[in-house]
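Protein chains: 2
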Amino acid sequence: VQAVVLPGDGRVVVSEVSDPVLGPGEALLDVRLGGICGTDLQLARGYMGFRGVPGHEFVGTVRSVSSPADRVLVGARVVGEINLGCQDCGWCAKGLSRHCPRRRVLGILERQGAFARRLALPVSALHVVPGTLADEDAVFAEPLAAALEILDQVPVEPSASVLVMGDGRLGLLIAQVISSRGARVMVSGRHDSCLEIASRLGLAIQPAPRPPEPVHDLVVEATGSASGLDEAQRWCRPRGTVVMKSTCAGPTSFDASHAVVQELTLVGSRCGRMEPALEWLAAGRVQVAPLRTAEYPLEEAPDAFAHAARPGALKVLLRMAP
Amino acid sequence: VQAVVLPGDGRVVVSEVSDPVLGPGEALLDVRLGGICGTDLQLARGYMGFRGVPGHEFVGTVRSVSSPADRVLVGARVVGEINLGCQDCGWCAKGLSRHCPRRRVLGILERQGAFARRLALPVSALHVVPGTLADEDAVFAEPLAAALEILDQVPVEPSASVLVMGDGRLGLLIAQVISSRGARVMVSGRHDSCLEIASRLGLAIQPAPRPPEPVHDLVVEATGSASGLDEAQRWCRPRGTVVMKSTCAGPTSFDASHAVVQELTLVGSRCGRMEPALEWLAAGRVQVAPLRTAEYPLEEAPDAFAHAARPGALKVLLRMAP
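As given, the protein sequences belong to chains A and B, one line each in that order. If you number the first sequence the way this note's numbering does, the last residue is 326 and the count never jumps. If you number the second sequence the way this note's numbering does, the last residue is 326 and the count never jumps.
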C-alpha cells in the first residue's frame, strides 16, 4: 500500500509498504485525509530516531474489522486515538492509555502512522465522526484535543489574563479554546500572516516589549522552540502558571531560580481526549477553516512537508482518498 | 556595630558596620542567634552580586521601637519575616509581601541582614516567639516556614508516595513536614551522616537505582544543585508533581520534553508563613535538634561559614549574644 515514509535521513519519500495486518479487535481503515503536525516535521528531522510511516492526525473510513462483533462499524467515518495502551495496566483502566508505560504511539513510537492509504487500528481507539462534520474539520480533532487538555489540567478563571506564545497551528487552537472560558487571551508570535489570522479569529495580539511587572496569570508556551520556556516564565506573574506544550529534541535551558523565587507552576501538557474535541468541532466552538494552509495529494507528500515547514505555514493536509 | 560582612570576593569577614537607623514603625533588635543557610553560602560565593551583611534566619530581642504604640514589644523575643514588602501593593494587601515586586529581602536584596549584633526591622515583620521555645529551636522558624510552604502549595494525600531529594538542612525539614501528612516519604542524598540522621528521624531512605517505572506521586528537589531538576522529574510518575526548592545561580538544563510527555507539574517553592512554623516548633511537630551541627560566636563567623559549607554539614548557628 502507498505511504509516506521517513527513512531517517531527513528525506520524505512516498513508497509502497506492506499492507497492514489486522490483529484481534482491530479495524482496517481507508485513510481519507491527514494533517501534518509539528511533531511530524521533527520526526522527519530525526526526533526520537524515528523511521517509518508518520502521521497521527487523520480521518478514515472503516473498511473491515477482525471481530464480527464490530461489524457495525464498517463504513463508518472515524478518527483515532494516537496513544495505543496495553489495556492491561492501571493507566489504561482509568482511560489514560496516553500515559500507559507500554503504549505505542501512532506514527511516532513503535506503530506505523496514518499517512498511508490503509491503516490498522484497535477498534477501542476509534471515534465515529458526527455526520455533519466535514473531513477537513474532523482532521483537527487530535490537535484540538491537545489544546483542550489544558482545560482538563489547569483552572482558567473568566477573570484570568492569558498569554499564548506561538502563533502556529496549536497556538491558535489553544488561544480559541481558552478564550471560550471568558478569559482575556493575548497571542504572541513571529509571523505577521499568522497574527493577522489570530486577529480575524477575534484574538488580541500581545504588544512588545515585556512590561517590568508581568500581568499574565497563565502563559501557554506553544512556540515549538527550546528557548520558549524561559521567555514564557518571564511573562508570568508571581504564583502564576506556565503550560508547557513544546517537545523539542535535546535539553532545554532556563532560569529555574526565577521559577522558584516567583513560585511559578509549570505544567507539562500533551495529548487530550478526542470525544470533547469532536463535540467542539461539530458545534463550531472553534474555527479551524482559517488554520488550513494547503492540501496536497499523498503522492506530493514531500512538497506538503516542505510547505508545512515554511515559516508562517499553518495546517497542511494530505489527501489519501477523495 | 559588629557584623559579618561579605565583601563580594568570596571572603567572609567580621567587622564594624554603622549602627542601624530606625525608620518609622520599626524596631531595633539585639540579635541573639542566627542560622547559616545555603543561600548565605551562595551569597558568599557571589550569587546575586551580594555585598554587605548577610543573614535572614535569626532570633532577637526587641531593644527599642520608633513608635510609642509599639512599646509593648520592648523586651520581647522575636523572629522576623525575611521579605519586607512595600505595604502598598496588591500582594502586600493579601499578606503576600514575599511576592511584592518592590520587596527588600533581609540579608539578600537591598537590606542588611541579621548576622550583626543589632538589626532594624519593621514591627509588622516581627513574630513573637512562644516562651517555651528555645532560641536554638526558634532559629529554625524561617527554614521550617519554607518547608511548610509546600503544604500550602501542593495537596499531599496520605496515600501519596513522596521522594525528597537532598539530605541537607532543608530536605530533612521538608521530609518531616510531608511525613506529618501521613504520606510515605523517602529521602535520597549523598551524605551518609545525613542519611543516618534521616533514619533516626524515622524517615525511609530511597534505594538506588531508579526503577524503570517511577512510583513517586510527589518529588521535592532540594539538592541545591542545578542537575537536580532533571533527575527529580525522572523519579516522578506521569502526571505527578515536582516541587522545585533549589535556587542556583545561572541556567538549569533539563529535558523539558520529558515533563511535557509525562504531563508533570513543576512547582517553584520559596518562603512560607512564619506563624505556623512557630506553632509547629512550639508543639514539637518536627525535630530540629538532630539538624544542629555546630554553634560559633559571631567573631568566628569565617569558621562557621566554612563549617556550614562542608559536605554533610547541617545547620550551623552563629551566636550574637548569650
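Just so it is clear, CB atoms sit at the ideal spot from N, CA and C, and this is done for glycine as well. Remember, it's a predicted structure, so these values are computed and weren't measured experimentally.
- Close to residue 252 of chain A, with beta-carbon spacing below 8 Å, are these residues of chain B in chain order: 260 and 261.
- Exclusion of the five residues before and after residue 307 of chain B leaves 300 as the residues of its chain whose Cβ lies within less than 7 Å of its Cβ.
- For residue 313 of chain A, the CB contacts under 6 Å within the same chain, skipping 5 residues up- and downstream, are 45 in chain order.
- In this structure the segment 21–41 of chain B lies against the segment 5–12 of chain B, because at least three pairs of beta carbons, one per stretch, are closer than 8 Å.
- Apart from sequence neighbours up to five positions away, the residues of its chain that approach residue 12 of chain A with a beta-carbon distance below 6 Å are 55, ordered along the chain.
- A distance below 7 Å between beta-carbons, with the five flanking residues on each side excluded, links residue 136 of chain B to the following residues of its chain, in chain order: 286.
- Annotated three-state conformation of residue 271 of chain B is strand, per DSSP.
- Residue ranges of uninterrupted beta strand (DSSP E) with 3 or more members, entirely inside the segment 221–252 of chain B and ordered along the chain, are 240–248.
- In this structure the segment 31–41 of chain B touches the segment 59–72 of chain B; the number of beta carbon pairs closer than 8 Å is three or more.
- Counting C-beta pairs closer than 8 Å gives three or more between the segment 105–112 of chain A and the segment 73–92 of chain A, which meets the contact rule.
- In the structure shown, residue 217 of chain B falls within a coil segment according to DSSP collapsed to helix, strand and coil.
- Using beta-carbon distances, residue 88 of chain A does not count as an interface residue toward chain B, since no partner is under 7 Å.
- When rounded, the separation of the alpha-carbon atoms in residue 231 of chain B and residue 100 of chain B is 30 Å.
- Three or more Cβ pairs closer than 8 Å define a contact, and the segment 176–183 of chain B falls short of that threshold against the segment 284–298 of chain A.
- By the criterion of a C-beta distance shorter than 6 Å, residue 80 of chain B is surrounded in its chain by 66 and 132, once the five residues flanking it on both sides are discounted.
- In the assembly as shown, residue 113 of chain A is an exposed residue. Its beta-carbon has fewer than 16 other beta-carbons within 10 Å.
- With the rule of 3 Cβ pairs closer than 8 Å, the segment 157–173 of chain B counts as touching the segment 235–253 of chain B.
- Cβ contact annotation for residue 317 of chain A (same chain, cutoff 8 Å, sequence separation greater than five): 297, 298 and 311, in chain order.
- In the DSSP assignment, residue 131 of chain A forms a beta bridge with A/83.
- The alpha-carbon separation between residue 204 of chain A and residue 290 of chain B amounts to approximately 58 Å.
- Considering only B/214, B/146, B/267 and B/34, the residue with the shortest C-alpha distance to residue 275 of chain B is B/146.
- Counting only Cβ-Cβ distances below 7 Å, residue 195 of chain A has no contacts in chain B at all, with the closest Cβ about 23 Å away.
- Residues of the segment 47–72 of chain A with a C-beta atom less than 7 Å from some C-beta of chain B do not occur.
- Ranked by Cα distance from residue 129 of chain B, the first of B/197, B/96, B/183 and B/15 is B/96.
- Distance from the Cα of residue 234 of chain A is smallest, within the candidate group B/123, B/257 and B/141, for B/257.
- In this structure, residue 191 of chain B sits away from residue 166 of chain B, with a CB-CB distance that is not shorter than 7 Å.
- For residue 242 of chain A, the nearest beta carbon of chain B is closer than 7 Å to its own beta carbon.
- According to the DSSP secondary-structure assignment, residue 296 of chain B is paired through a beta bridge with B/319.
- In the structure shown, residue 53 of chain B falls within a helical segment according to DSSP collapsed to helix, strand and coil.
- No Cβ of chain A is located within less than 7 Å of the beta carbon of residue 220 of chain B.
- Judged by their CB atoms, residue 207 of chain B and residue 224 of chain B are not nearer to each other than the 7 Å cut-off.
- Listed along the chain, the chain A residues whose CB falls inside 8 Å of the CB of residue 264 of chain B are 248, 249, 250, 251, 272, 273 and 274.
- The residue from A/219, A/229, A/293 and A/227 with its alpha-carbon nearest to that of residue 238 of chain A is A/219.
- At a cut-off of 7 Å, the C-beta of residue 303 of chain A has no neighbouring C-beta in chain B.
- Taking the C-beta atoms as reference points, residue 31 of chain A is found nearer than 7 Å to residue 127 of chain A.
- In this structure, the straight-line span from the alpha carbon of residue 153 of chain A to that of residue 280 of chain A is close to 10 Å.
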